[in-house]
Amino acid sequence: MDESSTLRSLSGASIFPPGSTLEVSWLLSSGIVNETLKPSDAPITVKSTHIAAPAAMFVVGVVGNVVALAALCATRRQSKASAFYTLVLGLAFTDLLGTCLASPIVLVSHASGSWPGGEPLCDFLSFTLLFFGSTGISLLCAMAVERYLALNHAFYHDGCVARGWGRRVLVIVWLGNLVLCVPPLFGFGQNVKHFPGTWCFVDWQARDTAGMLYSFLYAAVCSLLVIITLLCNVAVAVALLGLRRRAAQLSATVAALHSGGETGRLPANKLSREVMRRTQLSKHRPSAEESQMLWLLFLMTAVFLICSTPLVVPYETLNKRFRAAQKVVDREASHAVGAVGELERALDGSVGSVVALLDGVVDKLAALKRKAGEAVQAEEESAALCKRRIAHLKEHAGPGWSAVNLWKRQRVERMIVDHLLRCGFYTAAIKLARQSGIEDLVNIDMFLTAKEVEESLARRETATCLSWCHDNKSRLRKMKSSLEFRLRIQEFIELVRANQRLEAVRHARKHLSQAEGQQLEEVRQVMGMLAFPAETHLSPYKELLEPGRWKLLAQQFHYDNYRLHQLGSDSVLAVTLQCGLSAIKTSQCYKEDGTQHPECPVCSRWLNQLAAPLPMAYCANSRLVCRISGQAMNENNPPMVLPNGYVYSYNVRVTWRWGLWVRLEGGVNPVPFVLKIGCTIFVNVLVASICFKILRNELPHLP
């Protein structure tokens with residue numbers, strides 16, 4: 038019995054929980070997929086039979102592209118002649134064709150529960166995904182470059198981008214991506230099925246030279262296209278802002294020229310040239326569609342900031358648990374494979390030794406199954422948490438106003454809990470989350486773990502923080518974090534402070550010998566502490582021995598912890614509050630003459646201080662709001678100036694009637710005024726009759 042058959046028998050023994058990603062990891066690590074069999078014939082069965090999601094994506098893709106093509110075909114003839122129209126049409130057609138070719142294979146795989154074809158079908162699907170994926174990115178890049186040339190180099194664009202430019206670019210993009218995606222069909226790269234076995238793609242983990250080169254080539258081309266697209270879009274946004282600013286300046290200049298404000302300062306010929314020059318600039322004003330695109334970009338950024346925050350931490354937790362589970366399973370699997378190898382070599386020995394080895398194999402397989410089950414359970418908990426938070430975000434699109442209002446209230450409560458956790462009020466945050474029923478929607482566990490690390494650093498202990506660094510070692514290395522290095526430096530300093538210099542040297546040899554670059558300079562600096570006493574007052578050793586370094590370590594832990602979980606340095610509540618205050622902040626809010634509006638949040642005492650460092654609200658067109666009614670003054674409600682200089686709206690008039698100040702709101706409906714006058718007359722008559730009776734009782738001689 039060879040090793041491959043042994044591994045197949047072990048993998049068929051159900052040592053993994055059904056439906057888990059660890060079963061595929063076991064097949065890959067044991068060589069069943071990539072080493073012993075062809076990729077398309079690998080015994081990977083489809084574990085997920087939920088066909089609703091891919092079917093919905095297929096329907097949405099087809100319907101959306103068909104509608105887009107119909108809308109593009111119905112546009113005006115002038116628009117059809119532009120290169121941008123041709124590129125958009127080509128993008129919609131390319132995406133529709135790719136959806137129709139690739140999605141049916143995936144749907145059949147989900148429906149049947151197995152791969153419907155052999156290696157040729159796998160190669161076809163992989164080529165389809167490669168070609169249409171890179172073609173879509175290339176067309177987006179071409180559209181971004183075309184818009185960049187149109188706005189930033191208008192004369193070059195008008196002269197070089199002819200009517201047939203879009204069609205030529207479309208053909209070049211298709212041919213170029215065809216050349217880029219064909220090599221895997223001729224052996225330059227390898228196509229394999231990916232989890233859950235319903236689709237094929239190029240093998241990114243190929244170890245042969247050709248496969249590695251093609252993977253790097255494809256990734257580099259796609260990354261370059263994405264970078265070019267991003268840079269062009271940023272340049273277009275900057276150009277639109279500049280055009281809007283110049284358009285405002287042009288309007289002011291033209292108004293001044295028409296009113297004669299600059300005529301006295303400019304000669305006639307210069308005045309005409311100035312008018313012609315600025316009139317030419319008016320041809321490049323940003324249109325309403327371009328302005329809407331800018332506002333849409335800002336809105337998408339704000340929505341991403343507020344709504345994506347609940348998903349970041351659970352996803353990072355799931356990713357962390359998956360990596361940890363993969364390491365544990367790989368280690369236990371290698372132990373099991375080693376035990377099986379020893380068992381095969383001992384088959385010719387005595388029965389007792391074989392039985393002992395069999396017991397060892399059984400123990401290792403049992404340990405592997407137990408740890409795999411624990412890992413899958415942890416992954417399922419993290420995935421369930423992500424699912425619950427996604428369901429919470431979907432509630433915002435509910436049909437009823439009551440559900441939407443409840444969701445908004447929960448969003449505010451989430452922001453408050455997150456802010457309390459960041460400020461260290463853990464008890465209050467936990468109570469609020471429990472009473473509001475949002476414990477699954479906030480990151481209490483992450484902040485409690487951070488609390489333990491902070492408390493250990495406050496006690497001048499590094500063990501807890503080093504354990505946290507070890508659990509997140511791979512992510513911290515990608516972030517190029519120096520937290521672990523700083524902790525090792527601090528341990529060395531504490532050993533020197535305790536006069537344990539020999540232990541300090543051993544510690545440096547063990548943990549600081551691999552330092553490079555700037556870290557090596559710091560190691561050389563702290564090693565000089567060995568030649569000075571702990572009570573030295575020489576710089577820089579005096580600064581290294583100060584207790585304030587522990588606070589710096591705590592601050593760096595805060596920074597790395599937020600970066601690790603992709604969180605901002607400020608809470609979402611603080612960012613949202615600052616945006617709201619800045620949007621309504623005006624200079625009137627800080628006048629000390631008592632004219633602040635009672636209902637303005639910025640005019641209140643506490644928020645007024647918080648909004649002091651924030652910028653004023655941007656307002657392109659001023660609006661007049663009536664102080665009494667709060668209504669905007671416009672053509673339907675014009676402003677009215679009183680003799681004392683105060684301005685009110687037309688719909689609010691204050692008059693003196695029969696000893697009372699009566700406010701008529703609306704100026705049309707007389708019913709409130711008539712009721713007030715009637716009540717006033719009735720009260721006055723009643724008071725007069727009572728006074729008359731009193732006087733008659735006191736003065737009987739009166740008639």
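Numbering-wise (the numbering used here), the sequence shown opens with residue 38 and increments by one. Quick reminder that beta carbons are idealized off the backbone N, C-alpha and C, glycines included.
Spatially closest choice to residue i from the options, by CA coordinates
| i | options | result |
| --- | --- | --- |
| residue 650 | 627, 220, 660 and 661 | 627 |
| residue 263 | 175, 382 and 238 | 175 |
| residue 597 | 609, 91, 437 and 516 | 516 |
| residue 369 | 618, 397 and 169 | 397 |
| residue 135 | 158, 172, 145 and 147 | 172 |
| residue 150 | 234, 581, 470 and 498 | 234 |
| residue 188 | 279, 634, 655 and 553 | 279 |
| residue 383 | 553, 674 and 394 | 394 |
| residue 248 | 226, 637 and 268 | 226 |
| residue 458 | 609, 268 and 253 | 609 |
| residue 137 | 101, 155 and 429 | 101 |
| residue 107 | 93, 122 and 204 | 122 |
| residue 498 | 429, 416, 590 and 569 | 590 |
| residue 146 | 89, 643 and 602 | 89 |
| residue 105 | 495, 132, 670 and 91 | 132 |
| residue 603 | 532, 380 and 483 | 483 |
| residue 535 | 582, 378 and 518 | 582 |
| residue 96 | 111, 514 and 139 | 139 |
| residue 167 | 178, 258, 205 and 638 | 258 |
| residue 208 | 520, 230, 160 and 120 | 120 |
| residue 224 | 164, 266 and 178 | 164 |
| residue 533 | 554, 572, 557 and 522 | 572 |
| residue 286 | 669, 570, 657 and 663 | 657 |
Buried versus exposed call for residue i [16 or more other C-beta atoms within 10 Å across all chains shown]
| i | result |
| --- | --- |
| residue 455 | buried |
| residue 421 | exposed |
| residue 537 | exposed |
| residue 481 | buried |
| residue 185 | buried |
| residue 673 | exposed |
| residue 427 | exposed |
| residue 6 | Nothing can be reported for residue 6: it is not among the residues displayed for the chain, which extend from 38 to 740. |
| residue 453 | buried |
| residue 142 | buried |
| residue 67 | The pLDDT assigned to residue 67 is 40, lower than 50, so where the model puts this residue is not dependable, and the model offers no usable value. |
| residue 392 | exposed |
| residue 236 | buried |
| residue 300 | Unreliable placement is indicated for residue 300, whose pLDDT of 43 sits below 50; the coordinate value is still reported in the next sentence. So residue 300 counts as exposed. |
| residue 253 | exposed |
| residue 448 | buried |
Delimiting residues of the alpha helix (DSSP H) encompassing residue i
| i | result |
| --- | --- |
| residue 578 | 578–581 |
| residue 219 | That residue, residue 219, is in no alpha helix (DSSP H); it is neither H nor E in DSSP. |
| residue 493 | 481–495 |
| residue 541 | 538–548 |
| residue 121 | 120–149 |
| residue 588 | 586–601 |
| residue 89 | 89–110 |
| residue 475 | Run containing residue 475: none; DSSP gives neither H nor E here. |
| residue 157 | 156–189 |
| residue 517 | Neither: residue 517 is in no alpha helix (DSSP H) and is coded neither H nor E. |
| residue 556 | 555–564 |
| residue 508 | 500–508 |
The beta strand (DSSP E) enclosing residue i, as first and last residue numbers
| i | result |
| --- | --- |
| residue 238 | 236–239 |
| residue 794 | Outside the displayed range of the chain (38 to 740) lies residue 794, so it cannot be described from this structure. |
| residue 686 | 684–686 |
Contact test: residue i Cβ vs the ligand NAD heavy atom, cutoff 7 Å
| i | result |
| --- | --- |
| residue 108 | With respect to small molecules bound, the structure shown includes none, and the ligand NAD cannot be examined in it. |
*asked:* Closer than 8 Å is the cut-off here; do at least three beta carbon pairs connect the stretch 214–232 with the stretch 124–138?
replied: no
Quick one: complete beta strand (DSSP E) runs, 3+ long, within the stretch 605–667? none
Would you check if there are 3 or more beta carbon pairs closer than 8 Å linking the stretch 615–623 to the stretch 642–662? yes
If you pair each beta-carbon of the stretch 491–509 with each one of the stretch 473–481, do three or more pairs fall below 8 Å? no
* Per the contact definition of three or more C-beta pairs closer than 8 Å, is the stretch 509–527 in contact with the stretch 603–617? -> no
Margin query: I'd like the ranges of any alpha helix (DSSP H) spanning at least 4 consecutive residues and lying wholly in the stretch 394–471.
Written below: 438–460
Between the stretch 522–534 and the stretch 542–549, do at least 3 Cβ pairs fall closer than 8 Å? yes
Notebook entry, point to check: Does the pairing of the stretch 561–568 with the stretch 459–474 give three or more beta-carbon distances under 8 Å?
Noted result: no
Exercise. Determine, using beta-carbon pairs with one atom in the stretch 587–606 and one in the stretch 483–493, whether at least three such pairs fall under 8 Å.
Key: yes
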